[in-house]
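Structure first, commentary second.
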Amino acid sequence: MNEAFFAQVDALTEAGQLRRLSGAFARFIASVGDSSPQLMVACVLLSELEGRGHSCLLLSELNADPAALLGWSGDEWHDLRAAVGDWPADVTTWRALLADCRQVWPVGGDDINQPLVLDGDRLYLRRYWRDETHVAGAVRARALGGVLAADADAETAEIRRWLDILFPHAARGGGTDWQKVACAVAMRGKLGIITGGPGTGKTYTVARLLALLFATAGEQRTGLRVALAAPTGKAAARLKQSIDSALDELAEKVGAALPLRELAARMGAARTLHSLLGARPDTRAFQHHAGNQLDVDVLIVDEASMIHLEMMSALLAALPQNATLILLGDKDQLASVEAGAVLGDLCHNAEAGEYLPETLSYVHASTGQRIPDSFAGHGGPIAQQTVMLRESRRFGGPIGALALAVNAGDAARAVEILRAGQDGKVAWTDLAQASDLLQLAQNGYRGYLQLIKNMPPVHDEIVQLAILKAFESFRILCAVREGEWGVSGLNDAIEQRLQAGGLLKRTGEWYVGRPVMVTRNDYATGVFNGDIGLTLPDPLRPGALRVYFSEGEKVRSVLATRLRNVETAFAMTVHKSQGSEFLHTAMVLPKEGGGMLARELVYTGITRARDYFTLLTPNGQVLLDAIGQRTQRASGLRHLLDS
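Going by my numbering, the sequence shown opens with residue 1, and the numbers climb by one from there.
Structure follows, in structure tokens:
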């Protein structure tokens with residue numbers, strides 16, 4: 001074993017540049033017979049990248065800029081390379097060296113269940129290679145499966161008839177009605193991907209798609225099994241509420257010809273993906289899998305950008321081959337904290353369209369819409385089943401303009417919008433000291449805390465829901481967890497400020513008014529990672545506290561003492577805010593940036609705001625640097641999808 005190399009790995013670990021797991025993994029590989037320093041450094045980097053959301057190590061990155069790979073300085077990278085000794089000069093040499101290692105399976109060679117997989121110029125941990133190849137194959141099969149036959153004129157005509165009923169008005173400005181197009185495209189295969197920013201009408205569209213599915217199912221419509229799901233409980237509740245509202249509105253328009261209210265009632269509640277698949281304690285395996293598939297005909301999944309690679313693989317395995325999968329999400333949002341950026345990879349052609357002539361012809365026949373020639377091309381099967389919604393009907397004004405500027409990488413325009421503070425809708429606060437932020441927090445959280453002070457001892461669901469909605473009107477989002485401007489430090493500071501202001505009284509770990517976020521799935525209590533609740537007195541047991549969670553217009557509660565894995569949530573990370581929306585969102589950027597602060601994070605934070613957005617940072621350069629940096633996750637999924 002190369003002691004000089006591992007001494008350098010230990011030094012980087014102690015300096016906080018590497019996870020302990022990364023060095024431990026390399027030592028494990030060395031202990032079973034492969035100890036060349038070149039393989040060891042590949043193992044360390046592969047493990048480290050997995051922890052940062054990458055599914056593989058691109059061999060080309062081994063001779064590239066270290067700042068781009070791990071955000072290290074040149075000195076750190078130089079010291080590690082020096083400890084390795086003979087550093088291969090190019091990808092070809094790296095590939096040949098790794099292929100000769102006993103713990104590496106070069107795809108196409110002898111497979112003896114080695115822990116590492118070399119597929120072309122990408123090195124994987126085996127389970128991520130397995131998940132990635134499975135997702136690629138399953139998604140391609142769905143995109144190609146069930147496509148309308150060329151002579152299916154009657155079926156296409158029926159789709160056209162109902163789409164004209166469901167979309168009676170022409171698109172604004174006389175352009176392409178992408179919502180109508182999305183419905184038609186989803187009817188063409190067993191996969192439909194609908195992407196778009198806030199307010200572009202993804203759930204509005206999918207509600208009409210559901211109506212279209214019911215309408216064209218004929219006598220089988222009452223037996224059509226539809227399931228709704230999302231990565232988090234909050235997102236699932238919002239999906240169900242939005243679809244129910246849209247279907248209720250549609251029911252007035254279509255009348256008795258299509259009993260939408262009755263059909264909607266049969267769908268049941270939306271569920272988290274963990275709940276849908278039947279997560280079990282103490283195992284990564286689910287109750288539903290390839291050998292025990294879900295009993296559904298249509299599965300609609302919202303906030304798909306949050307779905308990591310392993311979950312997408314499990315979902316596709318559990319979904320029957322003849323079922324239709326509809327994925328909704330914003331491709332420009334942050335990807336999952338865990339490995340993979342599945343929606344981003346699936347939608348990488350979405351803006352360009354890349355539609356084949358037969359797709360363009362089908363869309364015109366089924367919708368009456370003509371997709372402009374600029375969206376024609378030679379995209380693969382996934383592109384033919386993907387539609388990007390391009391017009392925001394809700395998310396306009398300065399917040400919408402700010403989000404567009406950030407997404408386009410136009411830092412100068414973003415700063416201009418923030419500094420102008422049009423109509424008080426957006427604002428930039430230069431944080432000279434924490435008191436500025438704490439005053440904003442006190443003002444933002446005063447409303448729900450006053451409601452708690454005034455609530456009757458015996459409160460009902462109406463009172464509980466009003467307090468929960470008041471809390472959801474304001475939130476502080478952080479880019480990082482640690483430090484003065486991170487979640488940990490700010491939650492403590494905000495809690496102390498609110499107590500000093502007489503708005504709450506902390507008497508221990510649990511106190512009335514404490515907002516908490518669940519940090520681990522707990523199947524015994526039915527709460528899941530990311531769920532947010534408020535601590536209130538138990539109306540039936542004096543002295544006891546319960547934590548209340550909203551699920552649309554319903555409330556459920558759990559005794560506070562039964563919740564073991566929670567943290568205070570006055571401030572939360574931008575990652576954890578996905579699937580949520582707040583009347584006023586305040587986003588805090590730290591003094592120093594880094595590889596984790598990128599355009600997608602800023603965009604996601606902005607788009608959590610419905611009416612007001614405030615940016616707070618002690619260093620404006622951090623914002624400029626973040627807007628200029630895109631998140632690039634190493635993955636082979638795009639290559640597999642297009643091959």
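Here a beta-carbon is modelled for each residue, glycine too, at the ideal position from N, C-alpha and C.
For secondary structure counted as the beta strand (DSSP E) over 3 or more consecutive residues, the segment 447-525 holds these complete runs in sequence order: 474-478 and 515-518. Taking every protein chain shown into account, the CB of Thr604 has 16 or more other CB atoms within 10 angstroms, so this residue is buried. Non-local C-beta neighbours of Glu461 in its own chain, meaning closer than 6 Å and more than five positions away in sequence, comprise Val555, ordered along the chain.
At a Cβ-Cβ threshold of 9 Å, Asp345 and Leu601 do not count as neighbours. According to the DSSP assignment, Trp428 belongs to the beta strand (DSSP E) that extends over Val426 to Asp430.
With contact defined as three or more Cβ pairs closer than 8 Å, the segment 103-114 and the segment 277-296 are not in contact.
Between the alpha carbons of Gln38 and Leu144 lies a gap of roughly 42 Å. Beta-bridge analysis with DSSP links Asn292 to His289. DSSP places Ala408 outside both helix and strand once states are collapsed to three, so it counts as coil. When rounded, the separation of the alpha-carbon atoms in Leu325 and Ala376 is 24 Å.
Taking the Cα positions, Cys347 is about 24 Å away from Leu276.
For Asn491, the closest alpha carbon among the candidates Pro457, Met572 and Asn63 is that of Met572. Counting only runs that start and end inside the segment 49-130, the beta strand (DSSP E) elements of at least 3 residues fall at 104-106, 116-119 and 122-125.
In the three-state reduction of the DSSP assignment, Ser577 falls in the helix class. A straight line joining the alpha-carbon of Asp90 with that of Leu118 spans about 16 Å. Secondary-structure assignment with DSSP links Ile194 through a beta bridge to Leu328 and Val387. Inclusion of Gly197 and Thr607 in the CB contact set at 9 Å is warranted, their separation being smaller than that value. Membership of Glu303 in any alpha helix (DSSP H) is not indicated, and neither H nor E is assigned to it by DSSP. Closest in C-alpha terms to Leu97, from the list Ser35, Ser313, Leu389 and Ala237, comes Ser35. Straight across, the Cα-Cα distance linking Trp178 with Leu389 is about 6 Å. For Gly502, the closest C-alpha among the options Lys453, Trp485 and Glu482 is that of Lys453. Using a Cβ-Cβ distance cut-off of 8 Å, the segment 535-544 and the segment 497-515 are in contact, since at least three pairs of beta carbons, one from each stretch, lie closer than that value.
Looking at Val458, Leu263 and Gly16, the one whose alpha-carbon comes closest to that of Arg541 is Val458.
Met187 and Gly526 have their C-alpha atoms roughly 35 Å apart.
Within the same chain, Cβ atoms closer than 6 Å to the Cβ of His364 are found at Arg370, the five residues on either side in sequence being excluded.
DSSP, reduced to helix, strand and coil, places Met187 outside both helices and strands of the structure shown, so it counts as coil. With contacts defined as CB atoms closer than 9 Å, Ile300 and Val206 qualify as a contacting pair. Taking C-beta atoms under 8 Å as the contact rule, Trp485 and Val588 qualify, at a distance of about 5 Å.
When beta bridges are read from the DSSP output, Gly533 appears opposite Val516. When the Cα atoms are used, Ser31 and Asp100 turn out to be separated by approximately 17 Å. Here the segment 208-221 lies against the segment 240-258, with 3 or more beta-carbon pairs under 8 Å apart.
Per DSSP, reduced to three states, the secondary structure at Asp611 is strand.
The segment 212-221 and the segment 398-412 do not touch, with fewer than 3 CB-CB distances between them shorter than 8 Å. For Tyr603, the enclosing alpha helix (DSSP H) covers residues Arg599 to Ile606. The segment 334-343 makes no contact with the segment 250-270, as fewer than three CB pairs between them are under 8 Å. The Cβ neighbour count for Thr561, taken over all protein chains shown within 10 Å, is under 16; the residue is labelled exposed.
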